[in-house]
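**Q** Going down the list, the sequences are from chains A and B. The first sequence runs 1 to 176 under my numbering. The second sequence runs 1001 to 1780 under my numbering. Glycine included, every Cβ here is placed at the ideal spot set by N, Cα and C. Sharing a structure below in structure tokens format, with a few things to ask.
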Amino acid sequence: MEPWQRAEVPGPVKAVLITKPEVVAALIKRAKRPLFVVGTGSLGGNGEKSPLEYVVRIARAGKVPLVATAHAAVELRKRGVQPAARMAMVEICSRLTDPKWSLHGDGQPHDLVLMLGLGPYYMEWLMGSGLKSFAPHLRTISLNRVYQPHCSWSFPNMSEEEWYKNLEKIAEELER
Amino acid sequence: MRIKADELQLPWLRAKGLELNLGRVVREWEEEEGPTPMPDIASLREWDKKLLRRYKPFYLPFCDLCCLCTFGKCDLSRGKRGGCGIDMGGQLSRIVLLSCCIGASTHCGHARHMLDELIEKYGRDHPLDVGGENVYLEAPTIRLVTGIKPRTLGDLEDVLDYCETELVHLLSCTHTGQEGDNLDFESKVFHAGMIDHVVMEVADIAQISAYGFPKADPEAHLVELGMGVIDRSKPVILVIGHNVPPAIGVANYLARENLEDQVEVCGICCTAIDLTRYSRKAKIVGPISFQLRFVRSGVADVIMVDEQCIRADILREAQKVNAVLITTHYKNFQGLPDRTRDPVEGIVKDLVEGKLPGVAILDSEKAGEVAVRVAMQIAPRRRKMGLIPPEEKVMEEARRCTSCFSCVRACPNTLPIPQALAEAGKGDLKPLSELYEPCVGCGRCEQEGICPVGIKPHTLILGAHRLETAEERFKMRAGRGAIQDVEIRRVGQPIVMGEIPGVLALVGCSNFPGSWKEVARIAEEFARRKYILCTTGCSAMAIGMYRDENGQSLYETYPGVFDAGGIVNCGSCVANSHIAGAAIKIANIFAKRRLRSNYEEIADYIHNRVGAVGVAWGAYSQKASSIASGFWRLGVPVIVGPHGSKYRRALLGRKEDPEAWKVIDARTGKEVYVGPVPEHLFFMAETVEEAMVAIPKLCMRANDTARGRSMKLNHYIDLHRKLFGELPDDLHLFVRTAADIPVTMKDEVMAFLKEKGWKEFENPNPDPTLVPRLVRAKEG
């Protein structure tokens, strides 16, 4: 699988492709201390559906606390969701490399991080690579429409329609 | 000095063939020398470590590999080390150092070339004058770092000798098997940045003094800016780059031959800024991202380049529109024959007859004459041959798009090209035209093998925007150079006490994540809020390329004075030194801190007291990284846009860690918690809104008075609420006492603080320092 931006070649360790969305739901269910980091790249949509809609459903059903970057929090609140924190992308991701840090402040680190729309593609790419190298205690899942090879798991590059189907499936699995 | 005697007899000496060489004589000056004259890599390491304990690097590997030596490629991911033993942190800090060495060396080479040329023309004894009686402190960074008080062009040679030595040592540290510790690499990064600020100051004060650029003039003239201001009816010479002497050669020849009204001279990037500091007739096309679009417009008959930020394919692009290329610097020959020693007549004849696509001429005055004569002769023939297609052709081409998205995957800003082409194919050019502003003009979408059917998206965007391009007519203030001492006296106290909410430097290149107007938006917001705005380079142009609600550019609406609500265009990249210089001057002129080779104390002063922050929204170059690192060593935070994350390392504070935010109260010697001010040293913002909220926060300092902190909090809270829709959730960390709370927000903020269990700070107004030797308390 090629990364979305043409020249972004990652290295030998690449994300496992998410071919079955049920796997993501299972990983969320199995995680002890998951976290969902959502950025402004999640604010788009095709008029009928928005990725943010699925962010909210997945976070609620999976009981995953949300961290919103930049002004993503504004849109979440419009949907009746108050994120657990609003932090800049580099602020949350740098803290995630600390094995003693968690959002709950109890010294127990998070073990799974879901990411969606952390700014432009390359910015999420770099956050993924920072976590890959400096947060060995953490597994990361990119729920973006395009391949993010520095995460532990990522969707392949896909159409918007396919993407929404996959997000729907994850949400449904968790809502069961 | 050289003394030679074949035979010498003195009462106490008899010698034959005596030859005595003395180095330069260093002139003493009134200020006592500080602890670190001409610091080497080790001299300020302890200061750097203090900053790095507070602001920890967060590394963002571009890829998992190191491929710098033949051990490699080595996989450094997930804790692995390379064949040489380096780990990912070490490798990335090494890459940051490499980038800063490239940046600082580029400015240093620029300064050396400039100085050599000016000394040859004006002599070593030509006096330095950057602002007459308004600027007594002519070279704050040079004085601070080297301990030299330069009076003449010749004095600057000593400064560059020192800097060149340091840069060689720094670059050598990036060799395989040298440094292994990432924090020591980071300290060297700071050193490279500090050297960069020195050499930038050398370059700019030399050219201001010799060429008679505006001398710290808040009312420097207004310059015409934009693609639409270029008079196409005349022969047009385009200059691109940073090192202005060849462009000045053009202006000199035109003036000498009384041709100024017959030939249009315009420029892109910093050479344009510096040329307009010299000649009121010259115009600015736009920032570096306008290179491809203006060259392809075919308006320029002759393109003259000097150094830095010039497209590597400039000759190819010039040939496409039958423009002649003249290169003027050995750093950038472009494969052209060196005709420096040939007579002008012969060079002009060969170029006019098309025997050569261009030439290299390493003599500025000769290059200027050739450029003018060639432009005048070929202009009638070229008829401004351009590559920008008419609207019908754009629509026709757009219909061939197969929506494969290959162009989007090549685009650094992931612009929605296929969607815009689909609309264009149906006759609506607006979506395609709207891509003009966020397009950074790299042309990657047009490269071989990108589009399977051979569409040229960048060219089509230019075609769709053709009519609007002709209306690009703006004004910007010419680069004024230094900040006056008298201005510093006026604003020193309100800045240090926090009553001017901050000094904001909007600087750097044009690799913007969206429209360039985002920079103007930041400028307008903070000028209205009475921050002091300084700007340079392509960002100074971006601020100009916008009209406010009155239809004026921000340079027309806001004064050019270094005071609350002023927008101060200092000049080109090398004029960034004046922004750092202003902070240094505050410590010296207002606070009377000794300047000469006293780096640590001055940096400590600036870090704890001067609420300044840099924003390089479109930073792309290695020079931008070294400029930023010079600010880091002074303790000044820098914000970059999303593309800045590709510098691969942030320097971030942890606001929740109380131990990180202790200073020493210089009055008592006791440690005092002051809150997370400033919270970060190098921060990447995801959106312009995030940057705008971060700016007032990063302007807070430990020394703020209650009134000052209240004003800064007012802006932080107001912008946070306006852009993020609620009170900031870290507000309690910045309110030291109830007196800090903005009066109009008292009830709301108090309720929030109560919820957070906030308590007043034990000592809200210490005399803050991070340097134990600056404590004034007597022992016992």
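Can you find a C-beta in chain B that's less than 8 angstroms from the C-beta of Glu91 (chain A)?
**A** Yes, its Cβ sits closer than 8 angstroms to a Cβ of chain B.
**Q** With a cut-off of 8 angstroms, do at least 3 Cβ pairs link the segment 1117-1127 of chain B to the segment 1169-1184 of chain B?
**A** no
**Q** With 8 angstroms set as the bound, which would you pick, yes or no: does the beta-carbon of Pro1642 (chain B) sit closer than that to a beta-carbon of chain A?
**A** yes
**Q** With contact counted as at least three CB pairs below 8 angstroms, one residue from each stretch, are the segment 1345-1363 of chain B and the segment 1394-1411 of chain B in contact?
**A** no
**Q** Closer than 8 angstroms by beta-carbon distance: list the chain A residues that pair up with Glu1685 (chain B), in chain order.
**A** The question names Glu, but residue 1685 (chain B) is Ala in the sequence shown. Under the 8 angstroms cutoff, chain A gives Ala70, Ala88.
**Q** What separation, rounded to the nearest whole angstrom, lies between the Cα atoms of His1329 (chain B) and Pro1246 (chain B)?
**A** Taken atom to atom, the span from the alpha-carbon of His1329 (chain B) to that of Pro1246 (chain B) is near 9 angstroms.
**Q** Can you name, in chain order, every residue of its own chain whose Cβ lies under 8 angstroms from the Cβ of Ile1717 (chain B), other than the five neighbours on each side?
**A** Leu1727, Pro1728, Leu1731, Pro1742, Met1745, Val1749
**Q** Roughly how many whole angstroms lie between the Cα atoms of Val1672 (chain B) and Asp1665 (chain B)?
**A** 6 angstroms
**Q** Considering only C-alpha positions, which residue in the set B:Ala1104, B:Ala1210, B:Glu1472 is nearest to Val1168 (chain B)?
**A** B:Ala1104
**Q** With distances taken between CB atoms, is the gap from Lys1283 (chain B) to Val1223 (chain B) smaller than 8 angstroms?
**A** yes
**Q** Taking 7 angstroms as the line, does the beta carbon of Glu1726 (chain B) fall inside it for any heavy atom of the ligand ADP?
**A** The ligand ADP is absent from the structure shown, which contains no ligand whatsoever.
**Q** Mind listing the chain A neighbours of Lys1646 (chain B)? Cutoff is C-beta to C-beta under 8 angstroms, in chain order.
**A** Neighbours of Lys1646 (chain B) on chain A, chain order: Tyr122, Leu126.
**Q** Hey, how far is the Cα of Pro1559 (chain B) from the Cα of Leu1467 (chain B)?
**A** Counting only the Cα atoms, Leu1467 (chain B) lies some 32 angstroms from Pro1559 (chain B).
**Q** Is Gly1780 (chain B) helix, strand or coil when you go by DSSP?
**A** Note that Gly1780 (chain B) scores 49 on pLDDT, short of 50, meaning its location in the model is unreliable; the coordinates nonetheless yield the value given after this. Note: Gly1780 (chain B) maps to coil in three-state DSSP.
**Q** Report the residue from B:Ala1587, B:Leu1533, B:Pro1235, B:Ala1575 whose alpha carbon sits nearest the alpha carbon of Tyr1555 (chain B).
**A** B:Leu1533
**Q** Whole angstroms is fine: what's the gap from Asp1563 (chain B)'s alpha carbon to Val16 (chain A)'s?
**A** Cα-Cα distance, rounded: 55 angstroms.
**Q** At 4 residues or longer, and completely inside the segment 1280-1336 of chain B: list those alpha helix (DSSP H) runs for me, N to C.
**A** 1291-1297, 1314-1320
**Q** Kindly indicate which residue of B:Met1700, B:Ile1314, B:Gly1725, B:Glu1397 has the alpha-carbon position closest to the one of Asp1740 (chain B).
**A** Residue B:Met1700 holds the alpha-carbon nearest to the alpha-carbon of Asp1740 (chain B) among B:Met1700, B:Ile1314, B:Gly1725, B:Glu1397.
**Q** Can you name the residues of chain B whose CB is closer than 7 angstroms to the CB of Phe134 (chain A)?
**A** Tyr1059
**Q** Using 8 angstroms as the limit for Cβ to Cβ distance, is Ser1077 (chain B) near chain A?
**A** yes
**Q** Does Thr1737 (chain B) come out as helix, strand or coil in the three-state DSSP assignment?
**A** coil
**Q** Would you please verify whether the beta carbon of Pro156 (chain A) is less than 8 angstroms from any beta carbon of chain B?
**A** no
**Q** Against chain A, with Cβ distances strictly below 8 angstroms, would Cys1445 (chain B) count as a contact?
**A** no
**Q** Going by C-alpha to C-alpha distance, which of A:Ser142, A:Glu162, A:Glu161, A:Tyr164 sits closest to Ser154 (chain A)?
**A** A check of alpha carbon separations from Ser154 (chain A) across A:Ser142, A:Glu162, A:Glu161, A:Tyr164 identifies A:Ser142 as the nearest.
**Q** Taking the straight line between their C-alpha atoms, what separation do you get for Ile1388 (chain B) and Phe1294 (chain B)?
**A** 10 angstroms
**Q** Quick one: does Glu1748 (chain B) have its CB under 8 angstroms from some CB of chain A?
**A** no
**Q** Just the chain A side, please: which residues come within less than 9 angstroms of Asp1064 (chain B) by C-beta, in chain order?
**A** Pro10, Gly11, Pro12, Val13, Ser129, Lys132, Ser133, His150, listed in chain order.
**Q** Are three or more beta carbon pairs between the segment 19-39 of chain A and the segment 108-118 of chain A nearer than 8 angstroms?
**A** yes
**Q** Going by DSSP, name the residue or residues bridged to Gln1009 (chain B).
**A** B:Arg1014
**Q** Below 8 angstroms, can you find three or more Cβ-Cβ pairs linking the segment 1322-1336 of chain B to the segment 1259-1270 of chain B?
**A** no
**Q** Should Gly1780 (chain B) be flagged as near chain A, meaning a C-beta pair shorter than 8 angstroms?
**A** Low local confidence applies: a pLDDT of 49 at Gly1780 (chain B) is under 50, so the model's placement there is unreliable, with the coordinate-based value given in what follows. So no, Gly1780 (chain B) is outside the interface.
**Q** Based on the DSSP secondary-structure assignment, which residues constitute the bridge partners of Arg1506 (chain B)?
**A** Residue identity differs from the one stated: residue 1506 (chain B) is Leu in this sequence, not Arg. Bridge partners of Leu1506 (chain B): B:Thr1535, B:Val1615.
**Q** Select from B:Tyr1546, B:Glu1353, B:Met1200 the residue whose C-alpha is nearest the C-alpha of Gly1109 (chain B).
**A** B:Met1200
**Q** To the nearest angstrom, how far is it from the Cα of Pro983 (chain B) to the Cα of Arg1341 (chain B)?
**A** Examination of residue 983 (chain B) is not possible in this model, given that chain B is present from 1001 through 1780 alone.
**Q** Excluding the 5 residues preceding and the 5 following Ala1702 (chain B) in the sequence, name in chain order all residues of the same chain whose CB lies nearer than 6 angstroms to its CB.
**A** Asn1608, Val1663, Val1674, Val1677, Pro1768
**Q** Mind checking Tyr995 (chain B): buried by the 16 CB within 10 Å criterion, or exposed?
**A** Because chain B spans 1001 through 1780 in this model, residue 995 (chain B) falls outside it and cannot be assessed.
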